[in-house]
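In our numbering, the protein residues as written are 339 to 659.
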């Protein structure tokens, strides 16, 4: 870490603490005692009001009502933020207007040379949804579903909801306890526990027409909901041992609700346990493609015969080409 960056981080570190010592700064930032003392003195010279405490357990504290200097971005921080904006274009994310204003503020804070670097990055880097012929750095025109932000605002206050959904020509309402709001295959989905039918339900956000809180007197406890869900969990039918190459592939991409457990402290081997619905043709096809994507660094402990047959069929097709 460069000196300017280190001092900037140290300032925020000590501003968030009622008391700190030189030894703590040394340990936290892996620097020598003389460097820590020199950095603290520079921070004092910049105007941060530090008060030294004398004694064996002495140290420093920041005077009340102190104000940090203006936040400044390094060149690499600026690029990191801008690339994050580029990578999320046309993803139909919520709070698009705020994302747009953030990009405008970022551009207003940086120098012309830094802006020129971003224009170059905009021309060179391509992500899904990137228009290579559009030079506008602030083009973030992908609009999410109009209900998405409203839904998130309600969720921050309450997870018990009545969701109204358009199904065909009808509008149906479902009382749910919302478990997750997630995006998969370019679509936002609500995963919730149906409070009347007492089962898991997936609802596309694109079909939403209204969201409102569910009456408190009709609610069941979160504990009971978790108990009901645990009883309904499908039995595991796919168990795989992953080596380091397969783990690397897993980190690049894996189905949303799939996770691994590392089996050694170096995280070079892992165990994957999950349920595959072999009667759902689309899910089965996707899993077979994903298992091929993991590569050969995999050992199977338990695999449904339908998955094995699908893998063999893919191998036979490739072998005949």
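Idealized CB from N, CA, C, for every residue including glycine.
If we count Cβ pairs, one from each stretch, closer than 8 Å, do we get three or more for the segment 616 to 633 versus the segment 579 to 596? yes
If you reduce the DSSP assignment to three classes, tell me which class residue 595 lands in. coil
Decide yes or no for the touch test of the segment 531 to 538 against the segment 564 to 582: beta carbon pairs closer than 8 Å, at least 3 of them. Yes, they touch.
For residue 373, three-class secondary structure by DSSP: Of the three classes helix, strand and coil, the one that applies to residue 373 here is helix, per DSSP.
Please check the pair residue 420 and residue 357, which I expect to be a contact at CB under 8 Å, by giving their CB distance rounded to whole angstroms. Actually they are not in contact, since the Cβ atoms of residue 420 and residue 357 sit about 37 Å apart, beyond 8 Å.
Fully enclosed by the segment 560 to 617, which beta strand (DSSP E) runs are 3 residues long or longer? 576 to 580, 598 to 600, 608 to 612
Sub-7 Å separation of residue 381 and residue 349 beta-carbons: yes
For residue 565, verify whether its CB is less than 6 Å away from any heavy atom of the ligand FMN. Of the ligands one can find in the structure shown there are none, so the ligand FMN has no counterpart to examine.
Top-ranked residue by Cα proximity to residue 587, from 606, 576, 602, 575: 606
Going by the beta-carbon positions, is the gap between residue 519 and residue 530 smaller than 7 Å? No, these two residues do not count as a Cβ contact at 7 Å.
Identity of the residue in 431, 632, 361 nearest residue 591 by Cα: 632
Mapping the DSSP letters down to three states, classify residue 449 as helix, strand or coil. coil
Closest by CA to residue 488, which one among 582, 583, 550? 550
Can you tell which of 515, 482, 505 has the C-alpha that lies nearest to the C-alpha of residue 497? 515
Please report the residue range of the beta strand (DSSP E) in which residue 399 lies. 398 to 400
Which value, in whole angstroms, describes the spacing of the CA atoms of residue 443 and residue 416? Residue 443 and residue 416 have their C-alpha atoms roughly 11 Å apart.
Name, in chain order, the residues that DSSP records as bridge partners for residue 389. According to DSSP, residue 389 bridges with 399.
Does the Cβ-Cβ distance between residue 482 and residue 430 come in under 7 Å? yes
According to the neighbour-count rule (16 or more other Cβ atoms, all chains shown, within 10 Å of its Cβ), is residue 377 buried or exposed? Looking at its Cβ environment, which holds 16 or more other Cβ atoms inside 10 Å, residue 377 is buried.
Can you tell me whether residue 483 is helix, strand or coil according to DSSP? Residue 483: coil per DSSP, three-state reduction.
With the cut-off set at 7 Å, would you say residue 611 and residue 641 are in Cβ contact? no
Span separating the alpha-carbon of residue 460 from that of residue 424: Going from the Cα of residue 460 to the Cα of residue 424 covers about 8 Å.
Cα-Cα, which of 373, 635, 617 is closest to residue 644? When only C-alpha atoms are compared, the closest one is 617.
Terminal residues of the beta strand (DSSP E) in which residue 531 lies: 525 to 532
Paired residues, beta bridge with residue 499 - DSSP: Note: residue 499 sits in a beta bridge opposite 514, 551.
Report the rounded CA-to-CA distance for residue 387 versus residue 379, giving the unit in angstroms. 11 Å
Through-space distance from residue 368 to residue 422, alpha-carbon basis: 29 Å
Check whether residue 512 and residue 532 have beta carbons under 7 Å apart: yes
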